[in-house]
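Take a look at the structure set out below.
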Amino acid sequence: MATLTSQQANELANYFLAMAEAVGDYRYQNFDSLSAQENKEIKDSLEFIRKCANELFTLSATLVLDDAQNSLSAIKEVTNQMKSTYKTLQDVQKAINMAASIVTLGKAILGKNPQQIADATGKLADCWNATKK
Amino acid sequence: MPNLLLALQPQNKNIMIRLFLKIILPLFLLAGGLQSCVNLKYVNNFASSSLKSVKNFEEIGYSFKQNCLENCQQKKINDMTLNSQDCDCKANEKADSVTLLIYNAVKGYLDGLTSISGNNLTNYKMDILTRSLSEGDLKSIKIEKNHVEAYSGISNILLKAFTNKYRKNKIKVYIKAANEPFKILINFLDFNLSANLTGKLNVQKQEIKDYYFDLIKDNTLSTFEKRKAVEEYYQRSDNINARQKTLTTYSKELEKIAGGHQKLVDNIQKLNKDDIKEQLTQYASDIQDLVSEFNKITK
Chain H
0 MATLTSQQAN ELANYFLAMA EAVGDYRYQN FDSLSAQENK EIKDSLEFIR
50 KCANELFTLS ATLVLDDAQN SLSAIKEVTN QMKSTYKTLQ DVQKAINMAA
100 SIVTLGKAIL GKNPQQIADA TGKLADCWNA TKK
Chain X
0 MPNLLLALQP QNKNIMIRLF LKIILPLFLL AGGLQSCVNL KYVNNFASSS
50 LKSVKNFEEI GYSFKQNCLE NCQQKKINDM TLNSQDCDCK ANEKADSVTL
100 LIYNAVKGYL DGLTSISGNN LTNYKMDILT RSLSEGDLKS IKIEKNHVEA
150 YSGISNILLK AFTNKYRKNK IKVYIKAANE PFKILINFLD FNLSANLTGK
200 LNVQKQEIKD YYFDLIKDNT LSTFEKRKAV EEYYQRSDNI NARQKTLTTY
250 SKELEKIAGG HQKLVDNIQK LNKDDIKEQL TQYASDIQDL VSEFNKITK
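Those protein sequences? They're chains H and X, same order as listed.
Letter by letter, the first sequence follows residues 0 to 132 in numbering that gives the first Met the number 0.
Letter by letter, the second sequence follows residues 0 to 298 in numbering that gives the first Met the number 0.
Written as structure tokens, this is what we have:
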């Protein structure tokens, strides 16, 4: 059995809505000539028709997921690739910072200054940790 | 240029080489870098306007579940029951979660496009490297500060030109690959809000009209009570109309975004042309206008 698409469910909902409107208008226009029982029966029918319309609109909204599944996967794939590119471009800054830290450490070693070596090693470690983020 | 250099004296040749390295080359590279920035600026303007606009979803302030709860409450009023049992809105909660899923996918993509087309992404800070190269006393190695700054400047321009070209190429690939699914998802987001949620509001409109019609026809009520009922009907009817207007405006925003994205894809190879810049600026401006219109309605 063929399954209903979101578009078809929405069209059906609109048919029910139009039917409810027509029946409702009939009740407004003929209210004085209808018996209490007839009026109640029409009201009950209206309630049912509108319930159908309401549920079909909701069903249509949920069926969208089936129809949109491929597009969701495709856009997710592109978004992930963009995130990766963004990270690559950000990593350039991290590489610059890392190079600066290595230069500072090298200079401290060449200068044979223990305090500067300790400081530069600490900064290099911070930079290294930042690249992992 | 080489013939000209041969004709020059050695000292003049050195001056020319320095001039070339310090002024002409950076100017060329700077021009290239700026060109890349300008092209992406229009993409970024469009993407950031679209992102801001799509985020208005969070300001709609109405959902399938809320509609279900209101209908449930109206039924209790009709039946004059004080039943405190919860209304069954599971199906509507699912409709909300589907809509939210699509919204998040669209927002995520625009967020990514805004981020990678932003100029600040490739504004690398070279000063830290410049400082570490020029500061400190190495005794045996002497690096002049002005040389470090000059080479660091050139490196920065080169790096910027390279990374801008890199991301421009990437963006071309991404927006082409994303165009069809993006339009489909925008369409479904719009469909759920302006066709399905609006449809449910139309049902609600009919229901409240029925309810107040019966009150007016009720002979046990006084004229004053009937007038109060009419007043209440118009208030509730206006509320529904305002909600529908919010959804319609949001729908126009989505339509504009999808159109702008298509325009971007159609013209991705000629982003330098003035007409496409103008068109993208126009799309960004139209989207901004719709955002303002949306904000006016929701405030």
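No residue lacks a Cβ here, since even glycine has one placed at the ideal position from N, Cα and C.
Just so we're clear, the structure is a prediction, and the values are computed from it rather than from any experiment.
Residue 187(X) and residue 5(H) closer than 9 Å at C-beta: yes
With a 10 Å radius around its C-beta and 16 neighbouring C-beta atoms as the bar for buried, classify residue 226(X) as buried or exposed. exposed
Show which residues of chain H have a CB atom less than 7 Å away from the CB atom of residue 209(X). In chain order: 23, 45.
To the nearest angstrom, how far is it from the Cα of residue 281(X) to the Cα of residue 39(X)? 16 Å
Under 9 Å between beta-carbons, which chain H residues line up against residue 198(X)? List them in chain order, please. 9, 12, 13, 16, 52, 53, 55, 56, 59
Cβ-based contacts, 9 Å cut-off: residues of the region 57 to 83 of chain H near chain X: Among the residues of the region 57 to 83 of chain H, those with a Cβ less than 9 Å away from any Cβ of chain X are 57, 58, 59, 60, 61, 62, 63, 64, 66, 67, 69, 70, 71, 72, 73, 74, 75, 76, 77, 78, 79, 80, 81, 82, in the order of the chain.
Taking the CB atoms as reference points, tell me whether residue 199(X) and residue 63(X) lie closer together than 9 Å. Pairing residue 199(X) with residue 63(X) gives a Cβ-Cβ distance under 9 Å.
Residue 232(X), enclosing alpha helix (DSSP H) - first and last residue: 222 to 265
Between residue 114(X) and chain H, is the shortest Cβ-Cβ distance under 9 Å, so that the two count as touching? So, interface residue.
Inter-stretch contact (C-beta, 8 Å, three-pair minimum) for the region 42 to 52 of chain H and the region 176 to 186 of chain X: They do not touch, by the three-pair rule.
Proximity below 9 Å, CB of residue 77(H) to CB of residue 94(X): no
Between the Cα of residue 7(H) and the Cα atoms of 60(H), 71(H), 120(H), which residue gives the shortest distance? 60(H)
If we define contact as Cβ-Cβ less than 9 Å, is residue 201(X) a contact residue for chain H? By the rule that beta-carbons nearer than 9 Å mark a contact, residue 201(X) touches chain H.
At a Cβ threshold of 9 Å, is residue 3(H) touching chain X? no
In chain order, what residues of the same chain lie with their CB nearer than 8 Å to the CB of residue 302(X), ignoring the 5 residues before and after it? Nothing can be reported for residue 302(X), as the shown portion of chain X is limited to 0 through 298.
Residue 294(X) in three-state terms, based on DSSP: Note: residue 294(X) maps to helix in three-state DSSP.
How would you write the range of the alpha helix (DSSP H) that residue 18(H) sits in, first residue to last? Unbroken alpha helix (DSSP H) run through residue 18(H): 5 to 28.
Residues of chain X with CB closer than 8 Å to the CB of residue 19(H), please, in chain order. 202, 205
Quick one: grab the DSSP three-state call for residue 84(X). Correct three-state label for residue 84(X): coil.
Compare the C-beta of residue 6(H) against all C-beta atoms of chain X and say whether one is closer than 9 Å. yes
Cβ neighbour criterion (16 or more within 10 Å) applied to residue 108(X): buried
Report the rounded CA-to-CA distance for residue 34(X) versus residue 118(X), giving the unit in angstroms. Its pLDDT being 48, under 50, residue 34(X) is placed unreliably in this model, and the value from its coordinates should be taken loosely. Cα-Cα distance, rounded: 12 Å.
According to the Cβ coordinates, are residue 108(H) and residue 95(H) closer than 9 Å? It is not a contact, given that the beta carbons lie outside the stated cut-off.
Quick check: the Cα distance between residue 289(X) and residue 249(X), rounded to an integer number of angstroms? 8 Å
Along the chain, where does the alpha helix (DSSP H) that runs through residue 104(X) open and close? Here the alpha helix (DSSP H) through residue 104(X) covers 89 to 116.
Between the region 46 to 53 of chain X and the region 241 to 260 of chain X, are three or more C-beta pairs nearer than 8 Å? At 8 Å Cβ cutoff, the stretches touch.
Near residue 72(X), which residues of its chain fall below 8 Å by C-beta distance, leaving aside the five closest residues on each side in sequence? 86
Quick one: is residue 173(X) near chain H, going by C-beta distance under 9 Å? yes
Tell me the rounded alpha-carbon separation between residue 252(X) and residue 196(X). Their backbone Cα atoms lie some 17 Å apart in a straight line.
Apart from the five residues just before and just after residue 235(X), which ones in its own chain have a Cβ nearer than 7 Å to its Cβ? 207
Apply the 10 Å Cβ neighbour rule to residue 47(H) and answer buried if 16 or more other Cβ atoms are within range, or exposed otherwise. exposed
With respect to the alpha helix (DSSP H) encompassing residue 31(H), which residues constitute its N-terminal and C-terminal limits? Run containing residue 31(H): none; DSSP gives neither H nor E here.
Which word fits residue 62(H), buried or exposed, when buried means at least 16 other C-beta atoms lie within 10 angstroms of its C-beta? buried
Given that residue 244(X) touches chain H, what residues does it touch there, using C-beta distances under 9 Å? Under the 9 Å cutoff, chain H gives no residues; its nearest Cβ is about 19 Å from residue 244(X).
Just how far apart, CA to CA, sit residue 217(X) and residue 74(X)? Cα to Cα, the separation comes out at about 18 Å.
Going by the beta-carbon positions, is the gap between residue 30(H) and residue 190(X) smaller than 9 Å? no
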